[in-house]
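Numbering (our numbering), first residue to last: 96 to 663.
Take a look at the structure below.
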């Protein structure tokens, strides 16, 4: 439930109890210079038309560019004005989870406060103050006019949509426009095509090994530490009853976002998901570093082993051993290398008893998968956004918006996503994503939902994971085959099935798990495209051995499920 795992604000750490240790965060409204109205008066008092200062340079900071170690901030200059603005276009280009909106807006406000405390000139604008402008371009031109700006500078956005918008920006002739990098990622864009072939399948494993060598991580000379590159085979344990008591309580924060909720409501921004006046996600660098430390101390030692596991039998089922650092990373409050270095420090300390399989699984996510999907995204855009290899066209069922379904696995994954704006990668890939793939849901609709619901979702990371890895809509640019499965996989990796209204062992009856018949329907529907894949041939041989009666009953059950998708 909403408060699960959130410790009382005065709780201190007891190292013997596994309970979370920390003093309460200072609420947004109580921070020096950060109470909404007081902060706005101080941040924006320069806007008084009679007394405003003149600046030669305006620098735009987007909500996912909160990198305090960026070159821009190495020294202050009273002639440089930084603008951090809550934008209507960013709040509405898809319908977002309310906690995602609050997290980005709160983190932006906190970043403005930090910059001002370091001597920088900052204009922080709320969505109330920017709503009068129809576009980002109009807002920027207005600020340039107001402050006599001669140069406009921005960091290259990580979304194609925004980058195109800024590159096509036309300001007054007297204003120069300059783009610079974000100083965040580990592989420069200029080197993408040395690692990724445009329009072709690229093995993530090959990319990952190159990155290991490039960064000299988990290496002994030119060979992998421990003698093998990948310990994924040791990262697939399910959680058994005896494992549940050891699941750690997640570190959660109590960030007051009521003022943000009010202004979102005042502006009529549409959203979905569970409202939370106290946001549990980190909204500044200090909290992000605290979450990183907590993960390394309490979760890393079992992270790899249970990273694919799912359960509904524990109060901390939503967090398990996952780092939940993706929002802090994707907003750039943390740098990927400092995350890896911190984890490596804990691994190298023998007292922590962290095996190589645990650290390798985490390193692979950060320097392998994260950097890989970004490169795939950029070398294949803009065409990638329109790919629909399997010609899927159904709409999302209503329970994607309210979690009301009798399928226990979907109920858990969707309910958690709506409650926390978070689900771990296997829930995203093999529960909700798998269901959409089997049901033939339009990848545009799947993309929009994933981009909106998850707190860490920004298009460069969401789209390749969803349209590519999950939906196979890219025809194999990322995955070598569709990542689909029937109920047996879900039963193997979770305890969901034994609590479900449907029978995972059945595929043709009215009570049969929908995943079972939908799986076979999907495979038969796309047999002509998939049969030649050497990784799939044995599946079709298994189907061909079934009796005609069983085949017809299975496909009939699938047809019923597809026709009654909203009722499952």
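Note that beta-carbon positions come from the ideal geometry of N, C-alpha and C, so glycine has one too.
For clarity, every value in this text was computed on a predicted model and none was experimentally measured.
Give the C-beta separation of residue i and residue j to the nearest angstrom, bearing in mind that I take them to be a contact with Cβ-Cβ under 8 Å.
i, j, result
"residue 196", "residue 435", "The pair is not a contact, with the Cβ atoms about 29 Å apart (cut-off 8 Å)."
"residue 438", "residue 391", "6 Å"
"residue 379", "residue 205", "4 Å"
"residue 168", "residue 215", "7 Å"
"residue 617", "residue 532", "7 Å"
"residue 657", "residue 568", "Actually they do not touch by this definition, with Cβ atoms about 18 Å apart."
"residue 272", "residue 264", "6 Å"
"residue 326", "residue 244", "Actually they do not touch by this definition, with Cβ atoms about 53 Å apart."
"residue 584", "residue 561", "With a Cβ gap of about 19 Å, residue 584 and residue 561 do not count as contacting."
Going by DSSP, which residues form a beta bridge with residue i?
i, result
"residue 351", "373"
"residue 179", "156, 219"
"residue 249", "155, 274"
"residue 667", "No information on residue 667 is available, as it lies outside the stretch 96 to 663 that the chain covers here."
"residue 366", "191"
"residue 536", "489"
"residue 598", "607"
Return the CA-CA distance between residue i and residue j, expressed in angstroms with no decimal places.
i, j, result
"residue 520", "residue 414", "11 Å"
"residue 361", "residue 225", "13 Å"
"residue 576", "residue 603", "26 Å"
"residue 278", "residue 426", "13 Å"
"residue 486", "residue 476", "19 Å"
"residue 231", "residue 387", "34 Å"
"residue 605", "residue 648", "11 Å"
"residue 483", "residue 228", "35 Å"
"residue 133", "residue 208", "At residue 133 the pLDDT is 43, less than 50, meaning the model places this residue with poor confidence; the figure from the coordinates comes in the next sentence. If I take the Cα positions, the gap works out to 12 Å."
"residue 127", "residue 222", "A caution first: residue 127 carries a pLDDT of 36, below 50, which makes its placement in the model unreliable, though a value can still be read off. So the two alpha carbons sit approximately 22 Å from each other."
"residue 720", "residue 381", "One cannot answer for residue 720 here, as it falls past the ends of the chain, which runs 96 to 663."
"residue 393", "residue 312", "22 Å"
"residue 495", "residue 639", "34 Å"
"residue 267", "residue 163", "30 Å"
"residue 294", "residue 274", "27 Å"
"residue 632", "residue 626", "6 Å"
"residue 334", "residue 416", "11 Å"
"residue 161", "residue 185", "16 Å"
"residue 660", "residue 236", "48 Å"
"residue 637", "residue 644", "15 Å"
"residue 297", "residue 570", "12 Å"
"residue 450", "residue 241", "58 Å"
What does a CB cutoff of less than 7 Å around residue i pick up in its chain, not counting 5 residues either side in sequence?
i, result
"residue 338", "none"
"residue 559", "468, 471, 472, 573"
"residue 146", "Any reading at residue 146 needs caution, since the residue's pLDDT is 39, under 50, leaving its predicted position unreliable; the model's value is listed next. Correct list: empty, nothing qualifies."
"residue 498", "506, 509, 510, 513"
"residue 581", "610, 611, 614"
"residue 516", "192, 194, 195, 368, 548, 549, 550"
"residue 630", "575, 576"
"residue 120", "With a pLDDT of 40 at residue 120, under the threshold of 50, the predicted position of this residue should be treated as unreliable, though the coordinate-derived value follows. If we look at residue 120 and ignore the five residues flanking it on each side, its Cβ neighbours are 348, 349, 350, 382."
"residue 284", "473"
Determine whether the beta carbon atoms of residue i and residue j lie at a separation below 8 Å.
i, j, result
"residue 329", "residue 452", "yes"
"residue 597", "residue 608", "yes"
"residue 522", "residue 456", "no"
"residue 461", "residue 431", "yes"
"residue 202", "residue 352", "no"
"residue 551", "residue 422", "yes"
"residue 234", "residue 249", "no"
"residue 368", "residue 194", "yes"
"residue 218", "residue 173", "no"
"residue 376", "residue 398", "no"
"residue 345", "residue 409", "no"
"residue 404", "residue 332", "yes"
"residue 305", "residue 317", "no"
"residue 652", "residue 635", "no"
"residue 463", "residue 314", "no"
"residue 220", "residue 269", "no"
Just to confirm, does residue i get its C-beta within under 7 Å of one of the non-hydrogen atoms of the ligand ADP?
i, result
"residue 331", "This structure lacks the ligand ADP, and indeed carries no ligand of any kind."
Under 8 Å Cβ to Cβ from residue i, same chain only, skipping five residues before and after it: list those, please.
i, result
"residue 407", "503, 507, 589, 590, 591, 594"
"residue 256", "188, 554"
"residue 323", "none"
"residue 650", "612, 615, 616, 619"
"residue 190", "365, 366, 367, 543, 547"
Go through its chain and collect everything with a Cβ distance to residue i's Cβ below 6 Å, but skip five positions before and after it.
i, result
"residue 302", "290, 467"
"residue 528", "565"
"residue 165", "278"
"residue 246", "152, 271"
"residue 488", "537"
"residue 158", "199, 203"
"residue 429", "383, 423"
Are the C-beta of residue i and some C-beta of chain B separated by less than 8 Å?
i, result
"residue 241", "Looking at the structure shown, chain B is missing, and only one protein chain is on hand."
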